[in-house]
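Be aware that the sequence shown starts at 29, since it is given in the numbering used here, and climbs by one per residue.
For each residue, glycine too, the CB sits at the ideal point set by N, CA and C.
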Amino acid sequence: MQPLIAEFMGTFLLMLLGCGVVANVILEGTKGQNSGWIVITTAWAFAVYVGVVVAAPYSGAHLNPAVSIGLAVAGLFSWADVLPYILAQLLGAMAGSSLVWLMHRNHFEITEDKSIKLAVFCTIPAIRNTRYNLLSEVVGTFVLIFAVLFFTDATITSTDTLIGLGSLGAIPVAFTVWGIGLSLGGTTGYAINPARDLGPRIMHAVLPIKDKGKSDWSYSWIPVVGPVIGGTIAALLALLIS
């Protein structure tokens, strides 16, 4: 795969499984309805794992504009590639969330609460407060990017030889996202990824969803700006202390 195709496919799978678990838990009539926060956070972690496994050998599996920007700030990724990666990630998120809607269309039609339909696609704060909602996204993304910058490969100590872990190398980032969701995600729904929120929000606005309501564009900048700030701070701090 070419790197941009890998970013598209990895983000597509991430959103298919991530938005998919939200749909399964909160839409009317699904077999997973009301199964709770633990199910959502766990499945999002698994979604990250699947996306990273597919994309990592070809693109490094950023799957997140905050990761691409953070790595560029840290000098580990070319600034010239940041925008193409972000566009591929955004398109992948749009495609993945659209397929979730198509699969769950019957359940969307029997769900009356407009906010629940929106929540399948994008994040909604538990308590709407611009300052603290932004802080939540900054902190959650800071943890993600800071941890990613310190991931290491396994080493044969006798020869100081680095070895790859294959698909197992995706486990640390999945665990990190799982921990962020369990510990920090209850305030805003932990977008921690601009493409994850913006791409599906666009699709909520354009898809023919029955009685869908508004797409809450007044909030949409927070899960975009917050992760970029958090990722940048993480990269700068890593440079300072490394």
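Through-space distance from residue j to residue i, alpha-carbon basis
i      : j      : result
Thr165 : Lys59  : First, the amino acid is wrong: residue 165 is Glu here, not Thr. Near 31 angstroms, if we compare the C-alpha coordinates of Lys59 and Glu165.
Asn157 : Leu226 : 19 angstroms
Leu265 : Phe178 : 12 angstroms
Leu163 : Thr215 : 10 angstroms
Leu32  : Gly197 : 21 angstroms
His135 : Lys240 : 12 angstroms
Within 9 angstroms, strictly: CB atoms of residue i and residue j
i      : j      : result
Gly79  : Leu45  : yes
Val95  : Gly207 : no
Lys278 : Leu146 : Absent from the model: residue 278. The displayed extent of the chain is 29 to 270, so no value can be given.
Ile257 : Thr169 : yes
Pro228 : Gly124 : yes
His132 : Val110 : no
Glu35  : Glu140 : no
Ile138 : Ile54  : no
Alpha helix (DSSP H) segment containing residue i, residue limits
i      : result
Asp109 : Run containing Asp109: none; DSSP gives neither H nor E here.
Met29  : Where Met29 is concerned, there is no enclosing alpha helix (DSSP H), given that its DSSP letter is neither H nor E.
Ile152 : Counting along the chain, Ile152 falls outside any alpha helix (DSSP H), and DSSP gives it neither H nor E.
Pro222 : Pro222 to Val234
Tyr86  : Trp65 to Ser87
Residue i versus the options, residue with shortest Cα-Cα distance
i      : options                           : result
Pro85  : Asp109, Pro255, Ala263 and Met29  : Met29
Pro222 : Ser270, Asn52, Leu115 and Leu212  : Leu115
Pro255 : Asn161, Ser270 and Ile269         : Asn161
Thr70  : Leu41, Trp107 and Val205          : Val205
Leu119 : Phe136, Pro153, Leu41 and Val176  : Leu41
Trp245 : Ile230, Leu235 and Lys142         : Ile230
Pro93  : Ala75, Tyr247 and Leu172          : Leu172
Met122 : Leu235, Leu267, Ala263 and Ile199 : Leu235
Phe203 : Ala108, Leu212, Val252 and Val76  : Val76
* To do: Determine contact between the region 33-48 and the region 118-134, defined as no fewer than three beta-carbon pairs at a distance below 8 angstroms.
  => yes
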